[in-house]
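Q: Can you read through this structure? Questions will come right after.
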Amino acid sequence: MIMLRRLYSITCKAPTPISKIEFKQKLNSLPFASVTLHQPPQNRDWRNEPHISNKSLPSKPIDIRGVDAAAYPHLQKKLLLRGIPVLVQNKFFSVKFVDSTHHLSLVRKSNIAYTFSNYGTPVLNDNSLAIAFKEYKGTYKNLDFFKSQPHGTDTACARIQYRKRVKRSLFEALHHEIPNSNDTEIRSVSGIFLFRFSTCPSTAEDFALVDKDLKAGIATILRNKQYKAKLQLVTKQQNKEFKNGKALVKQVTMENTLGAKRVPGYYPKLPFILEKI
């Protein structure tokens, strides 16, 4: 019995508590102890973020961002999109542009933003192949492939890659046409580029055409007086018709998560609603 009591007292003895000094010594010896976490500067001004500032072009393609989801149904109201003049038109897409004074630009996420929609993409990414595909009555007509509608943007991956490539072309076109970061020219291209995709470029020649046409589009915004006058007129009319976006602003989601403003490095999701930059 005495032996059992001794064994119990030894095995069930409370561990000796570690001192604060010993704890700090052990903590400092861990591999991650020397890692310094990046802390944003306390006096940081989000207006100078590369995707928000209107004093410089985007520093990376990723600085060209989208718009709040409320913008898409708004574009369909009273044929608003149809009234905006075409900036670029080729076999791959059409592009329209609204500048920073248009009420739609209130809901953009970056100083230079873009939207996209897919429209009328032909089967097999080619009109002639689409006709042949539809009319095929041969041996393999009952295969699942011929019962489907395969096209260049029928997968999420394909759509993402296409948008990334077009965004990069837009980024390069901006820097090509505005090499010296002229403030006036940057303000001229501040706004939203509205892309409507049809077929997908697939060859080097296709992508060269995309690059060429987007550079021409930026040049049009900067230097085509007739286009600029028409854009200003449409902007004035649509701002008046839609009361400078009063209804649109009520429909947006200002932040994606609760408590976003308390996160270090915070910048507003929709900075152009909050203030005039």
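Residue numbering for the sequence shown follows the UniProt record's numbering, beginning at 1 and increasing consecutively. Virtual Cβ for every residue (Gly too), placed ideally from N, Cα, C. Treat the numbers as computed from the prediction; the structure is a model and nothing was measured.
1. Taking DSSP's pairing of strands, which residues face residue 89 in a bridge?
2. Note down, one range per segment and in chain order, each alpha helix (DSSP H) of at least 4 residues found wholly within the region 188–262.
3. If the criterion is Cβ atoms closer than 8 Å, does the pair residue 269 and residue 254 meet it?
4. Which of helix, strand or coil does DSSP assign to residue 182?
5. Can you tell me whether DSSP reads residue 105 as helix, strand or coil?
6. Please state the DSSP three-state secondary structure of residue 62.
7. Considering only residues of the same chain and omitting the five flanking positions on each side of residue 213, which have a CB-CB separation below 6 Å?
8. For the beta strand (DSSP E) that residue 114 lies in, which residues bound it at each end?
9. Should residue 238 be labelled buried (16 or more other beta-carbon atoms within 10 Å of its own) or exposed?
10. Excluding five sequence neighbours on each side, which residues of the same chain lie with their C-beta closer than 8 Å to the C-beta of residue 277?
11. Sorted by chain position, which residues of the same chain lie with C-beta nearer than 8 Å to residue 174's C-beta, five sequence neighbours on each side aside?
12. Check this for me: beta carbons of residue 249 and residue 106, under 8 Å apart or not?
13. Sort 65, 245, 163, 199 by Cα distance to residue 92 and report the nearest one.
14. Thinking residue 98 and residue 221 are a contact (beta carbons under 8 Å), I'd like their distance in whole angstroms, please.
15. Name the two residues that bound the continuous alpha helix (DSSP H) containing residue 73.
16. Alpha carbon to alpha carbon, how far is residue 259 from residue 29? Give it in angstroms, no decimals.
17. As a quick exercise: from 104, 84, 203, 184, pick the residue whose alpha carbon is nearest that of residue 246.
18. Do you know offhand how far residue 251's Cα is from residue 177's?
19. Any idea which residues DSSP pairs residue 67 with across the strands?
20. Skipping 5 residues on each side, what residues in its chain have a beta carbon closer than 7 Å to that of residue 163?
21. If residue 64 and residue 170 are in contact, beta carbons under 8 Å, what's the gap, nearest whole angstrom?
22. Find out if the Cβ-Cβ distance for the pair residue 109, residue 67 is shorter than 8 Å.
23. With a CB to CB cut of under 6 Å and the five nearest residues on each side skipped, what residues in its chain are close to residue 226?
24. Contact check, residue 168 vs residue 61 under 8 Å by CB: the rounded distance?
25. Give the straight-line distance between the Cα atoms of residue 50 and residue 203, rounded to the nearest whole angstrom.
26. Are the beta-carbon atoms of residue 102 and residue 235 separated by less than 8 Å?
A: Reading off the structure:
1. 94
2. 204–223, 225–241, 246–251
3. yes
4. coil
5. In the displayed model, residue 105 falls within a helix according to three-state DSSP.
6. helix
7. 88, 90
8. 112–118
9. So residue 238 counts as buried.
10. Note that residue 277 scores a pLDDT of 43, beneath 50, so its modelled location is shaky and nothing firm can be said.
11. 57, 58, 112, 189, 218
12. yes
13. For residue 92, the nearest C-alpha among the options comes from 199.
14. Going by Cβ atoms, the distance from residue 98 to residue 221 rounds to 11 Å, so no, they are not a contact pair.
15. Segment 71–75, the alpha helix (DSSP H) holding residue 73.
16. 35 Å
17. When the alpha-carbon of residue 246 is set against those of 104, 84, 203, 184, the nearest one is in 104.
18. 35 Å
19. 108
20. 116
21. 6 Å
22. yes
23. none
24. 5 Å
25. 32 Å
26. yes
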